[in-house]
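All remarks here apply to the structure that follows.
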Ligand SMILES: C[S@@+](CC[C@H](N)C(=O)[O-])C[C@H]1O[C@@H](n2cnc3c(N)ncnc32)[C@H](O)[C@@H]1O
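Residue numbers (my numbering): 794 to 996.
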């Protein structure tokens, strides 16, 4: 099923197990420890906006987009309550123009991993590179396949799936195993991947 239809159905049913009320600690750790200084940031596939709101509260100039309107309405309400200034846009990140580009920092949590073919993941990596400024950074949180097989939960991608998709466009700064930041007792395993937009083609 086409990705927009799939997510629209989930949101219409109120099924959004990925939604989280606190910002993901993986984002906070990278932003605070690297550090990533406040800059123009984009979150594609932002869902209900928690991480974008945290970025805005931390001084970033944030644009966030989702292809489905339902989570964006939730995100806008949350942002209003916290007085965080985020530009929430409904658009298809892969196919639509991103007007506020270029950005210095892109963050996605569970958007890249939603694509189930190598070709689509590569297209997405190319699109992220095209909206980043020179030396721009992309932090991606990606469901990991290093768990026993299961019927539900985030998509399970391998480290190779990530490298194959991004290496043409990005120098990988680090790729490490971790877990999602949420309130679950046993959060799903993920890859935490920080990438820098390439100036030169890979060897
Ligand atoms: C697994 S959810 C993660 C949402 C959010 N990042 C979070 O962690 O709560 C993936 C999100 O990507 C959005 N999405 C899927 N395809 C998209 C596209 N082409 N453009 C923008 N957003 C898209 C979905 O609607 C969904 O909200």
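All residues carry an ideal CB built from backbone N, CA and C; glycine is no exception.
Remember, it's a predicted structure, so these values are computed and weren't measured experimentally.
Verify whether the separation of the beta carbon atoms of residue 970 and residue 946 is less than 7 angstroms. Not in contact: residue 970 and residue 946 (Cβ atoms no closer than 7 angstroms).
Are there any heavy atoms of ligand 1 lying less than 6 angstroms away from the beta-carbon of residue 878, as far as the coordinates show? Because no heavy atom of ligand 1 lies under 6 angstroms away, the Cβ of residue 878 does not count as near it: no.
C-beta atoms of residue 896 and residue 806 nearer than 7 angstroms: It is not a contact, given that the beta carbons lie outside the stated cut-off.
Is the beta carbon of residue 950 sitting closer than 7 angstroms to the one on residue 935? Yes, the Cβ-Cβ distance between residue 950 and residue 935 is below 7 angstroms.
Validate contact between the stretch 952-960 and the stretch 830-846 using beta carbons, cut 8 angstroms, 3 pairs: The stretch 830-846 and the stretch 952-960 do not touch, with fewer than three beta-carbon pairs separated by less than 8 angstroms.
Which residues in the same chain have their Cβ closer than 7 angstroms to the Cβ of residue 816, if we skip the five residues on either side of it in sequence? Cβ neighbours of residue 816 beyond the five flanking positions: 843, 844, 847.
Three-state secondary structure assigned by DSSP to residue 971: Strand at residue 971.
Is any non-hydrogen atom of ligand 1 found closer than 6 angstroms to the C-beta of residue 812, if you look at the structure I gave you? Checking the Cβ of residue 812 against ligand 1 gives yes.
Where do the ends of the beta strand (DSSP E) carrying residue 840 lie? Looking at the DSSP string, residue 840 is not in any beta strand (DSSP E), and its letter there is neither H nor E.
Three-state secondary structure (DSSP) at residue 933? Correct three-state label for residue 933: strand.
With C-beta atoms as the reference, is residue 856 less than 7 angstroms away from residue 893? For residue 856 and residue 893, yes; Cβs fall inside 7 angstroms.
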